[in-house]
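As they're listed, the protein sequences go chains A and B.
According to this note's numbering, the residues represented by the first sequence are 1 to 395, in order.
According to this note's numbering, the residues represented by the second sequence are 1 to 318, in order.
Note that beta-carbon positions come from the ideal geometry of N, C-alpha and C, so glycine has one too.
In what follows, a structure is listed as structure tokens, so that the remarks can point back to it.
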Amino acid sequence: MKKLLSLLVVSAMVVSLCACGSNQSTQEPAETAETTEATETTEGTTEATGVMPAIAKEDIKVGVIHITDPAEGSGYTYTHDLGIQGMQKNIGLDDSQIVRKNNVNDSDATAIENAIRECIEEGCNIIFATSWGFMDTCEALAEEFPEVIFSHGTGYKSNGVNFNNYFGRIYQARYLAGIAAGLKTESNKLGYVAAMGQDNSEVTGGINAFAMGAYSVNPDCEVYVKVTNSWFDPEGETQAAQALVDLGCDVIAQHCDTPNPQTVAEQNGVWGVGYNSDMSKDAPDAVLTSVMWDWSVYYTYAVQSVIDGTWSGENYFGGMADGLVDIAALSDLCAEGTQEAVDAARDQIINEGFNVFDGVIETNDGSTVGAEGATLSDAEITGSMNWYFKNVVVK
Amino acid sequence: MEILIKFLVAAVGAGTPLLFGTVGEILTEKTGHLNLGVEGMMSIGACVGFMVGYYTDNFALAILASAAAGAFSALIYAVLTVTFMANQNVTGLTLTIFGIGFANFIGIFILNKTPEGTLKLPENITAAMRGISISGLSELPVVGELLFSYSPFVYIGIIIACISAWYLNHTKAGLNLKAVGENPGAADAAGIKVTSVKYRNIILGGAICGIGGVYCSMIINGGVWISNNVGGLGWIAVALVIFANWQPAYAILGSFVFGALRVLKYYIPQSVLPFPIAFYDMLPFLITALVLVISSMRKSGRINLPAALGLNYFREER
Numbered sequence: 001m002k003k004l005l006s007l008l009v010v011s012a013m014v015v016s017l018c019a020c021g022s023n024q025s026t027q028e029p030a031e032t033a034e035t036t037e038a039t040e041t042t043e044g045t046t047e048a049t050g051v052m053p054a055i056a057k058e059d060i061k062v063g064v065i066h067i068t069d070p071a072e073g074s075g076y077t078y079t080h081d082l083g084i085q086g087m088q089k090n091i092g093l094d095d096s097q098i099v100r101k102n103n104v105n106d107s108d109a110t111a112i113e114n115a116i117r118e119c120i121e122e123g124c125n126i127i128f129a130t131s132w133g134f135m136d137t138c139e140a141l142a143e144e145f146p147e148v149i150f151s152h153g154t155g156y157k158s159n160g161v162n163f164n165n166y167f168g169r170i171y172q173a174r175y176l177a178g179i180a181a182g183l184k185t186e187s188n189k190l191g192y193v194a195a196m197g198q199d200n201s202e203v204t205g206g207i208n209a210f211a212m213g214a215y216s217v218n219p220d221c222e223v224y225v226k227v228t229n230s231w232f233d234p235e236g237e238t239q240a241a242q243a244l245v246d247l248g249c250d251v252i253a254q255h256c257d258t259p260n261p262q263t264v265a266e267q268n269g270v271w272g273v274g275y276n277s278d279m280s281k282d283a284p285d286a287v288l289t290s291v292m293w294d295w296s297v298y299y300t301y302a303v304q305s306v307i308d309g310t311w312s313g314e315n316y317f318g319g320m321a322d323g324l325v326d327i328a329a330l331s332d333l334c335a336e337g338t339q340e341a342v343d344a345a346r347d348q349i350i351n352e353g354f355n356v357f358d359g360v361i362e363t364n365d366g367s368t369v370g371a372e373g374a375t376l377s378d379a380e381i382t383g384s385m386n387w388y389f390k391n392v393v394v395k
Numbered sequence: 001m002e003i004l005i006k007f008l009v010a011a012v013g014a015g016t017p018l019l020f021g022t023v024g025e026i027l028t029e030k031t032g033h034l035n036l037g038v039e040g041m042m043s044i045g046a047c048v049g050f051m052v053g054y055y056t057d058n059f060a061l062a063i064l065a066s067a068a069a070g071a072f073s074a075l076i077y078a079v080l081t082v083t084f085m086a087n088q089n090v091t092g093l094t095l096t097i098f099g100i101g102f103a104n105f106i107g108i109f110i111l112n113k114t115p116e117g118t119l120k121l122p123e124n125i126t127a128a129m130r131g132i133s134i135s136g137l138s139e140l141p142v143v144g145e146l147l148f149s150y151s152p153f154v155y156i157g158i159i160i161a162c163i164s165a166w167y168l169n170h171t172k173a174g175l176n177l178k179a180v181g182e183n184p185g186a187a188d189a190a191g192i193k194v195t196s197v198k199y200r201n202i203i204l205g206g207a208i209c210g211i212g213g214v215y216c217s218m219i220i221n222g223g224v225w226i227s228n229n230v231g232g233l234g235w236i237a238v239a240l241v242i243f244a245n246w247q248p249a250y251a252i253l254g255s256f257v258f259g260a261l262r263v264l265k266y267y268i269p270q271s272v273l274p275f276p277i278a279f280y281d282m283l284p285f286l287i288t289a290l291v292l293v294i295s296s297m298r299k300s301g302r303i304n305l306p307a308a309l310g311l312n313y314f315r316e317e318r
């Protein structure tokens with residue numbers, strides 16, 4: 001027993017020594033980095049806009065923290081990794097300049113921290129963390145490693161210097177998908193499998209945009225919502241989609257990870273709208289279109305700004321005009337005239353400043369949101385959208 | 001009314017994988033071996049069955065392969081716990097971790113090789129696993145949909161449960177099995193080959209769990225491969241064994257009740273009962289707790305827990 005205790009004490013001491021050692025070694029280059037930056041800015045030669053020193057293209061090393069495995073079919077991580085690959089191609093980075101950490105459980109703080117520290121030890125100077133749960137660890141480590149840039153997807157925290165967050169106006173794409181669904185439906189009942197309930201702004205905003213798109217072409221249709229209460233629940237997503245079909249819905253849209261709602265739609269002979277990537281490969285006989293991210297737009301922009309020394313540390317909230325979000329090419333299953341209607345709406349969004357949540361919006365409990373001639377602020381869209389549009393029905 | 005029928009149909013669909021897992025685990029536990037590897041055996045069955053279906057385009061072969069894979073993974077468990085007397089809990093947990101990892105690894109390995117980036121079962125199999133249709137019976141109002149509209153798995157599951165009930169209670173082999181689970185020493189003295197009985201039934205139980213696994217990968221996920229596709233159902237099956245009081249016939253009831261509780265949140269109109277969704281997520285486990293309390297309070301009722309459950313049998317220490 002005594003032996004075991006002393007062993008424990010010794011190992012604890014060794015660990016703490018190592019920890020101290022690594023702290024010192026990391027702080028030193030940080031200080032030098034700061035001083036070099038200071039000298040650069042005092043010289044006032046180039047790029048005064050950036051808050052971080054420029055890094056030459058050959059010295060860039062990108063770390064990516066994925067919540068699951070990118071090889072996984074259609075979902076969230078797959079789409080993010082396509083974005084990383086696109087960035088690599090656009091900028092011309094070598095394979096050895098990308099470090100991926102897959103299957104990092106986003107509710108396990110130790111696993112997240114280890115993954116990020118490993119990236120830094122391997123020499124990464126930009127780290128993209130793609131899942132919500134990575135946020136707090138990024139915040140803490142951004143303080144510890146001021147020379148490393150942390151960019152976190154979907155969250156809300158940032159420090160304006162080496163830690164920002166990025167997301168996109170996916171609701172713009174959902175509005176277009178709503179148009180395709182509204183034109184297709186025969187029963188005037190659209191189904192929507194939602195990962196989270198009304199209290200989640202991201203999901204609720206997506207439902208509203210979809211419902212408003214459908215309403216714009218078909219004022220008689222209603223959107224039925226079923227909530228799985230999980231970001232990844234294959235069985236629940238199937239069951240929710242089946243329940244929507246049982247209620248008479250003939251287009252199943254989704255805000256969840258697996259293509260299961262689409263395969264359910266296919267098996268029941270109805271249609272669907274996929275999410276994340278083009279799900280027509282999973283359910284070719286059902287998918288009208290899919291709401292898609294093109295993360296390479298952001299990743300290219302971010303890495304390029306670091307190379308140019310223009311990294312500003314500001315948060316990123318791109319939209320359809322940037323090419324970050326859009327819908328997949330319409331399939332042959334779409335109703336006639338869909339392409340024209342979608343193109344017109346896309347043009348409004350990109351060229352005419354239409355932002356979906358414009359003007360006075362009626363909610364499904366009879367109240368109204370917004371004001372004539374105004375549009376909802378980004379803070380309202382991302383943070384406090386807890387109402388449903390008037391044709392949304394929670395069944 | 002119509003939505004009630006749809007609800008019951010969905011409940012049966014959600015309960016079927018649990019039925020396979022529960023019946024398989026009952027046979028295993030009746031030997032006195034607690035196999036916590038149900039989740040792992042189902043995962044391996046799900047993976048192997050799916051891949052065989054994907055490559056051979058043959059539904060029957062896919063089911064047989066899943067059963068064989070489940071049996072093989074149970075064999076690993078049997079060798080470790082029966083022959084080498086390893087701790088049953090640890091071995092079972094290890095099997096779960098191994099099984100899930102194995103299935104995900106193979107799945108991603110094959111997925112990476114597909115040009116389309118998706119693993120989708122061929123049309124032949126998707127058609128075979130869809131609901132059956134018996135002319136004359138399936139068209140009947142209400143009854144047709146409630147009894148004759150399911151995928152073949154549902155009927156296979158019920159048949160397996162019924163055969164298992166008969167096997168346990170009315171055959172000599174089944175009585176031997178129960179004797180081994182109650183008191184292996186006495187069974188041994190009575191001339192029953194304890195090791196052989198244990199091996200046979202653990203492997204049989206694994207095979208049944210394997211079929212439950214392929215239900216998850218084929219039906220629940222609509223024939224498209226997804227990692228972690230068993231998603232914890234194996235654990236619920238382990239709990240359902242207690243719920244079913246180690247009787248395969250009760251397992252049918254128990255798994256369908258659990259299936260109903262799992263789909264309830266999608267069928268109860270929120271406008272009528274505006275409970276938070278989390279309440280429905282909790283419900284199956286609340287019911288389990290209640291059943292456990294009630295069944296332990298009931299003095300007259302016989303509890304069928306095998307007396308030697310979890311204890312390895314050292315012949316030399318008889």
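- Against chain A, the beta carbon of B/I220 has neighbours under 7 Å at P234, E235 and T238, listed in chain order.
- The closest CA to that of B/S151, considering only B/T126, B/L253, B/E39 and B/L61, is found on B/T126.
- Shown here, B/K172 sits in a helix according to DSSP, grouped into three states.
- As the crow flies, the alpha-carbon of B/A67 is around 15 Å from that of B/G234.
- A residue is called buried once 16 or more other Cβ atoms fall within 10 Å of its Cβ, and B/P284 is buried on that count.
- Among the bridge pairs identified by DSSP, A/N164 is matched with A/S151.
- With respect to chain B, the C-beta atom of A/Q88 has no partner C-beta closer than 9 Å.
- Contact holds between the segment 316-328 of chain A and the segment 155-168 of chain A, because three or more Cβ pairs, one in each stretch, are under 8 Å apart.
- B/T118 sits close to A/P259, with the two beta carbons spaced by under 9 Å.
- Beta-bridge partners of A/R100 (DSSP): A/V64.
- The three-state reading of DSSP puts A/V393 in strand, counting E and B together.
- Only residues of its own chain outside the window of five on either side were considered, and among them L18, T22, A251, G254, S255 and F258 have a CB closer than 7 Å to the CB of B/L240, listed in chain order.
- Within the segment 299-370 of chain A, the complete beta strand (DSSP E) segments at least 3 residues long are 316-318 and 325-327, listed from N- to C-terminus.
- If the five residues before and after A/E122 are omitted, its C-beta is found closer than 8 Å to the C-beta atoms of K61, G63 and V99, all from its own chain and listed in chain order.
- Nearest C-alpha to B/F243 among B/G53, B/I294 and B/A103: B/I294.
- The C-beta distance from B/I208 to B/N245 rounds to 18 Å, too long to fall under 8 Å, and the pair is not in contact.
- Below the 9 Å Cβ cutoff, chain A contributes no neighbours of B/E39, its closest Cβ being approximately 13 Å away.
- Distance check between A/A56 and each of A/H255, A/Q97 and A/T154 places A/Q97 closest, using alpha-carbon atoms only.
- Only residues of its own chain outside the window of five on either side were considered, and among them none has a CB closer than 6 Å to the CB of B/L64.
- Contiguous alpha helix (DSSP H) elements confined to the segment 61-128 of chain B occur at 88-113, taking only those with 4 or more residues.
- In the assembly as shown, B/M1 is an exposed residue. Its beta-carbon has fewer than 16 other beta-carbons within 10 Å.
- The beta carbon of A/T137 lies closer than 7 Å to those of A109, I112, E113 and I116 in the same chain, with the five residues before and after it left out.
- Taken through DSSP and simplified to helix, strand or coil, A/M292 comes out as strand.
- CA-CA distance, B/L121 to B/S149, rounds to 21 Å.
- Contact check for A/A177 against A/G213 passes: the beta carbons are separated by less than 9 Å.
- Against chain B, a Cβ distance below 7 Å from A/G197 picks out I277.
- Residue contact with chain B for A/E186: absent (no Cβ-Cβ distance below 9 Å to any residue of chain B).
- Annotated as distal: A/W293 and A/G86, with beta-carbon spacing of 9 Å or more.
- Straight-line spacing of the CA atoms in A/H255 and A/Q239 works out to 14 Å.
- Not one beta carbon of chain A lies nearer than 9 Å to the beta carbon of B/I163.
- Taking a C-beta cut-off of 7 Å against chain B, the contacting residues of the segment 254-272 of chain A are T258, P259, N260, T263, V264 and Q267, listed in chain order.
- Contact check for B/N112 against B/D57 fails: the beta carbons are separated by 9 Å or more.
- One alpha carbon belongs to B/K193, the other to B/F59, and they sit about 36 Å apart.
- Taking the Cα of B/P269 as reference, the smallest distance to any Cα among A/K89, A/S305, A/D246 and A/L376 is reached at A/D246.
- When the alpha-carbon of B/S217 is set against those of B/S73, B/F50 and B/G40, the nearest one is in B/F50.
- Here A/L376 is not bridged, per DSSP, to any residue.
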